[in-house]
Amino acid sequence: MAKILKRERLVPNIHLIEVEAPEIVRKCRPGQFVIVMPDDKGERIPLTIADWDIQKGSITSIFLVVGTSTHKLANLHAGDEVPVFVGPLGKPSEIEKFGTVLCAGGCFGIAAIYPIARALKEKGNKVITLLDVKANYLLYWEDKLRAVSDHFSISSRDNYYDCKEYIPYSLKNILKKEKNIDRVVSIGCTYLMYTCAEATRLHEIKTMVSLNPIMVDGTGMCGACRVTVGGKTKFACVDGPDFDGHLVDWDELFMRRKSYFDDEIQSMCYWERKNFP
Ligand SMILES: Cc1cc2nc3c(=O)[nH]c(=O)nc-3n(C[C@H](O)[C@H](O)[C@H](O)COP(=O)(O)OP(=O)(O)OC[C@H]3O[C@@H](n4cnc5c(N)ncnc54)[C@H](O)[C@@H]3O)c2cc1C
Ligand code: FES
21 MAKILKRERL
31 VPNIHLIEVE
41 APEIVRKCRP
51 GQFVIVMPDD
61 KGERIPLTIA
71 DWDIQKGSIT
81 SIFLVVGTST
91 HKLANLHAGD
101 EVPVFVGPLG
111 KPSEIEKFGT
121 VLCAGGCFGI
131 AAIYPIARAL
141 KEKGNKVITL
151 LDVKANYLLY
161 WEDKLRAVSD
171 HFSISSRDNY
181 YDCKEYIPYS
191 LKNILKKEKN
201 IDRVVSIGCT
211 YLMYTCAEAT
221 RLHEIKTMVS
231 LNPIMVDGTG
241 MCGACRVTVG
251 GKTKFACVDG
261 PDFDGHLVDW
271 DELFMRRKSY
281 FDDEIQSMCY
291 WERKNFP
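Each residue of the sequence shown is one higher than the last, beginning at 21 in our numbering.
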């Protein structure tokens, strides 16, 4: 069992969860994730470690409410316990002195990219951060990301901030102006990462993405998270989740992520009816 220290809604549909996990804090590195089970009848879902506090021994993740498990998590409170909270899982992100790194994040990826941007900055890289939100009221953690960025911009469809284009288009505009970008890191929904990887392909800038296939055990045993990268079969939980976006078989990933679509809808309907009759 792991105790929840905090659970709060940051913006509509996106929540923060802070969990007491001193064993995980001691070992975790940017880019890794935890697997959490919201209740003893639930499923195990992966969440990226977005921040940690060594003094408190706590791990923070940010999640988007999409289906049954994330709805359940959003209904927990400080003091509640979750039956499963395991990690750190996955390979840490590559943190080297690359030169100039552009970090492009959207949705829960805004939080997931934060520890990576922070570590890249600490390593001496110039960090350009580009965040994507649908509207200004969906932005969170702006201060945290600004603090670790040399250049910071936000693209929002309502044109409230710096530009309004969807992230690959604003990324293309930055690439036209900034000729010396050595690497791009992109985290968010699958479509966002795919389009960012496509935007950098012609420029031949290595673009790392953090893949989010369905996972079950998170330890390389079940095969649920199988992806194809560079023509080879990989398991995102142990070989990733970070991969070179130019080598990912995106069609396969999009297809496999839909494998349980009907069951997910049924489960959500059942949960809604049970909890809000
Ligand atoms: C390594 C890894 C790290 C992850 N880190 C995070 C994280 O930090 N924060 C976070 O919010 N999610 C993260 N995810 C995704 C998260 O695990 C899923 O969103 C979660 O399992 C959904 O469970 P559910 O039961 O609520 O929804 P499900 O019932 O499994 O899905 C409901 C519906 O939502 C769709 N869906 C699922 N995930 C997403 C998504 N991310 N965006 C849009 N639609 C989606 C599904 O296709 C389905 O149609 C991560 C995934 C992986 C593999
Ligand atoms: S989640 Fe089972 S092999 Fe990766």
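Beta carbons are placed, not taken as given, at the ideal position from N, Cα and C, and that holds for glycine.
Between the beta-carbon of residue i and the beta-carbon of residue j, is there less than 8 Å?
i: cysteine 216; j: proline 188; result: yes
i: isoleucine 44; j: isoleucine 82; result: no
i: alanine 124; j: leucine 150; result: yes
i: methionine 21; j: proline 112; result: no
i: leucine 195; j: histidine 171; result: no
i: glutamine 52; j: leucine 96; result: no
i: valine 31; j: tyrosine 160; result: yes
i: asparagine 200; j: threonine 120; result: yes
Do you know offhand how far residue i's Cα is from residue j's?
i: valine 168; j: arginine 138; result: 5 Å
i: glycine 107; j: asparagine 179; result: 39 Å
i: histidine 91; j: alanine 98; result: 16 Å
i: isoleucine 234; j: lysine 143; result: 32 Å
i: isoleucine 74; j: proline 50; result: 14 Å
i: arginine 64; j: glycine 238; result: 9 Å
i: glutamate 198; j: alanine 132; result: 24 Å
i: glycine 129; j: methionine 213; result: 10 Å
Ligand 1 and residue i: does any heavy atom of the ligand fall closer than 7 Å to the residue's C-beta?
i: cysteine 209; result: yes
i: lysine 254; result: no
i: histidine 97; result: no
For my contact list, residue i and residue j are in at a C-beta cut-off of 8 Å; report their separation, rounded to the angstrom.
i: aspartate 71; j: tyrosine 134; result: 7 Å
i: glycine 265; j: methionine 228; result: 7 Å
i: leucine 67; j: isoleucine 34; result: About 12 Å separates the two Cβ atoms, so there is no contact after all.
i: proline 101; j: isoleucine 24; result: The sequence shown places glutamate at residue 101, rather than the proline named in the question. Yes, glutamate 101 and isoleucine 24 are in contact; Cβ-Cβ is about 7 Å, under 8 Å.
Within its chain, find whatever has a CB closer than 6 Å to the CB of residue i; leave out the 5 residues flanking it on each side and keep chain order.
i: aspartate 268; result: Inspection of the sequence shows that residue 268 is occupied by valine rather than by aspartate. These residues qualify, in order along the chain: Val249.
Does the distance between the C-beta of residue i and the nearest non-hydrogen atom of ligand 2 fall short of 7 Å?
i: alanine 155; result: no
Who are the near neighbours of residue i in its chain, counting only those whose CB is closer than 8 Å to its CB and skipping five residues on each side?
i: lysine 287; result: It is worth fixing the name first, because residue 287 is serine in this sequence and not lysine. Here the set comprises Gly87, Thr88.
i: alanine 155; result: Ser176, Arg177, Asp178, Tyr180
i: cysteine 48; result: Ile69, Trp72, Ile79, Gly107, Pro108
In its own chain, which residues sit with a C-beta less than 7 Å from the C-beta of residue i, not counting the 5 before and 5 after it?
i: isoleucine 136; result: Pro50, Gly51, Ser113, Cys123, Val205
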